[in-house]
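**Q** I have a structure I would like to understand better, so I am pasting it below and will then ask my questions one at a time.
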Ligand code: B12
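Residue numbers (the numbering used here), protein chains in the order written: chain A, 1 to 346; chain H, 1001 to 1221.
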């Protein structure tokens, strides 16, 4: 039987399997799947893994996730307050960095795997590896050095520090976040993660002007990637668009997988990547809440027709909002399996 | 001379160079340009120019909005302090992020742009209950309630715009107060503001200031 891993590997190599790989990121749906409150659910890594496996078995897409929620990274760096919500993702409620002095005090754990906040993460990874390892790509989410501070001090304060300075605490924080990033990548790889989603809204020209990107974002991206290597790494800007920078990111870092924004033109992205990597076309999943079956099918068809010719293409979602009806998840996936089939003429 | 100042100011804004923008403005005042002219002939037209640029190509980034709001806010506050007489308030707005939502950046940008248009705006903070939105709007005689939400569940949920609408209905305030919403989910779904029963939305702070000014006019008529 062809597995999700087979499909992914084939797509990366530019070969054919039965269909294109389909990634569906059901994260916030976990507590509902297990019939638990978010607090109960996220307290036990086995639940998180179990929910991933169950949902994947039911829907048949190719990947599973070790991500609990993005704010988890802040917990590893001292955040003690998380705001839970039954209908959406947990959020950082209190920022670790309130004054610039807190940056000095910020401690990056020497060994993440020994940190209590990582223990459940490890349990989750172990279960995923045991049940799905080698068959389904196991995904992990990792914030870039430049993005992590947004969760430690809030986007507002971080933009202020980033753009206006002072330089000293800014550089100190970036250096600490880079240190954390490197350790995190290692911990996830050791734990069995195959796909490492390198999340960096600051790598998008929706967020910063091109000039700033070239002078500041890009050097930090190069530094991050040089420190951990490109294996399994995916360029992703938190659903912000980045077609304009693909060429230079590719040239400078060698990154081989690009998880576009729904706001990016897929055909254009693919043209820029030009066979040098895997193009991932990403659906605007916020619209899946209200779209009907026909609209969903038409959109999936449009996307796949734009990206699939010539191979090296993956169909994916963002972090699927909780409110998407189950029937719409199915409609999207069925369309992706159907239109993404490799026939002899495709 | 004003033409040159306008040009230099606009360039500084475009390059998101706060220091240069402030320098241009300070030099203008030193050279005898009135603080009133700085605001009404330089800062505000620059905002309008950006609204136009955005509506034509969407090619403005977050950093630019952030800077524009910061600069416009700072310059306006500085200049108003030097005005000969207190400027007329164009309208009154209360703004906050929806209950359950801690994301404050979008709101802050909107506030900066509103202030530059002489709109009196009160920041209700983050994680604001629907009752608090309405009570504050009534207490401050606001024409507009602004609700910011960065996540789908806070944008669409029972405690956001939908609840504020219900309260306005219950209290018979619908012809006195308008609701405007904004934040990431609205940008990914431009019809969402209707689903959550708001009167309007805006994709960014610069545009928001224009739309809010229009809503104020509507209510005041
Ligand atoms: C940067 C970013 C992050 C950063 C920083 C987040 C932060 N601000 O603290 C990081 C990487 C940490 C992050 C994390 C998460 N994020 Co995020 N993130 C983004 C991204 C790329 C940009 C958001 C942003 O900060 N924009 C900057 C602000 C200024 O823009 P804005 O809020 O839209 O505001 C502008 C306009 O909307 C408007 N506006 C705003 N408010 C108002 C109000 C009124 C009245 C008006 C008129 C206008 C207006 O004017 C503003 C200025 O121009 C978006 C995707 C995107 N491209 O938009 C996702 C996005 C917002 N994130 C999302 C999610 C889900 C998350 C997480 C919850 C993921 C998770 N499962 O854990 C976490 C939460 C982390 C936490 N806080 O605990 C989703 C939300 C949708 C949903 N599914 O609910 C988005 C849309 C991505 C997606 N499509 O999946 N994120």
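Where is the CB? At the ideal position from N, CA and C, for every residue including glycine.
#1: Which complete beta strand (DSSP E) runs does the region 301–342 of chain A hold, if anything under 3 residues is left out?
#2: Once you ignore the five residues that flank residue 1075(H) on each side, which residues in its own chain have a CB closer than 6 Å to its CB?
#3: If you measure beta-carbon to beta-carbon, which residues of the region 58–87 of chain A are closer than 9 Å to chain H?
#4: Taking just the CA atoms, how far does residue 1143(H) sit from residue 1084(H)?
#5: Specify, as a first and last residue, the run of the alpha helix (DSSP H) that residue 1073(H) falls within.
#6: Below 8 Å, how does it come out for the region 1114–1133 of chain H and the region 1201–1218 of chain H: are there three or more Cβ pairs, yes or no?
#7: Looking at the C-beta of residue 1134(H), does it have a partner C-beta in chain A at a distance below 8 Å?
#8: Where does residue 1119(H) sit, in a helix, a strand or coil, going by DSSP?
#9: Along the chain, where does the alpha helix (DSSP H) that runs through residue 1195(H) open and close?
#10: Using three-state DSSP, classify residue 376(A) as helix, strand or coil.
#11: Quick check: residue 45(A) and residue 121(A), are their CB atoms within less than 8 Å of each other?
#12: Could you check the C-alpha separation between residue 1107(H) and residue 1062(H) for me, to the nearest Å?
#13: Does the CB of residue 1104(H) have a neighbour CB from chain A at under 8 Å?
#14: Is the beta carbon of residue 246(A) closer than 8 Å to that of residue 272(A)?
#15: Rounding to the nearest angstrom, what Cα-Cα distance links residue 260(A) and residue 1158(H) in this structure?
#16: Less than 7 Å between the CB of residue 259(A) and some heavy atom of the ligand B12, yes or no?
#17: In the region 211–228 of chain A, which residues sit with their C-beta less than 9 Å from some C-beta in chain H, listed in chain order?
#18: Looking at the strands, I want to know which residues DSSP matches up with residue 279(A).
#19: According to DSSP, residue 1150(H) sits in a beta bridge with which residue or residues?
#20: Any beta carbon from chain A within less than 8 Å of residue 1063(H)'s own beta carbon?
#21: Assign residue 1220(H) to one of two classes, buried (16 or more other C-beta atoms within 10 Å of its C-beta) or exposed (fewer than that).
#22: How would you list, in chain order, the residues of chain A whose beta-carbon sits under 7 Å from the beta-carbon of residue 1016(H)?
#23: Does residue 1237(H) come out as helix, strand or coil in the three-state DSSP assignment?
#24: If you draw a straight line from the alpha carbon of residue 226(A) to that of residue 253(A), how long is it in whole angstroms?
#25: Have a look at residue 346(A) and residue 1175(H) and give me their C-alpha separation to the nearest angstrom.
#26: So is the beta-carbon of residue 255(A) under 7 Å away from any non-hydrogen atom of the ligand B12?
#27: Between which two residues does the alpha helix (DSSP H) holding residue 1205(H) run?
#28: Can you find a CB in chain A that lies within less than 8 Å of the CB of residue 1151(H)?
#29: Counting only C-beta atoms, is residue 31(A) closer than 8 Å to chain H at any point?
#30: At a threshold of 7 Å, does residue 1051(H) count as lining the ligand B12 (C-beta to nearest heavy atom)?
#31: Please determine, among 137(A), 91(A) and 60(A), the residue with the shortest C-alpha to C-alpha distance to residue 69(A).
#32: So, under 8 Å CB-CB, residue 314(A) and residue 263(A) are touching, yes? Tell me the CB distance rounded to an integer number of Å.
#33: Would DSSP call residue 182(A) helix, strand or coil?
#34: For residue 347(A), go through chain H and note every residue whose CB falls closer than 9 Å to its CB, in chain order.
**A** With the given structure in hand:
#1: 313–319
#2: 1025 and 1043
#3: 83, 85, 86 and 87
#4: 27 Å
#5: 1062–1080
#6: yes
#7: no
#8: strand
#9: 1192–1195
#10: Residue 376(A) is absent from the structure shown; chain A starts at 1 and stops at 346.
#11: yes
#12: 13 Å
#13: yes
#14: yes
#15: 32 Å
#16: no
#17: 211 and 212
#18: 258(A) and 313(A)
#19: DSSP output for residue 1150(H) lists no bridge partner at all.
#20: yes
#21: exposed
#22: 209
#23: Because chain H here runs from 1001 to 1221, residue 1237(H) falls outside it and cannot be looked at.
#24: 7 Å
#25: Any reading at residue 346(A) needs caution, since the residue's pLDDT is 47, under 50, leaving its predicted position unreliable; the model's value is listed next. Taking the straight line from one Cα to the other gives about 58 Å.
#26: no
#27: 1205–1220
#28: yes
#29: no
#30: no
#31: 91(A)
#32: 18 Å between Cβ atoms; not a contact.
#33: helix
#34: Nothing in the structure corresponds to residue 347(A), since chain A is present only between 1 and 346.
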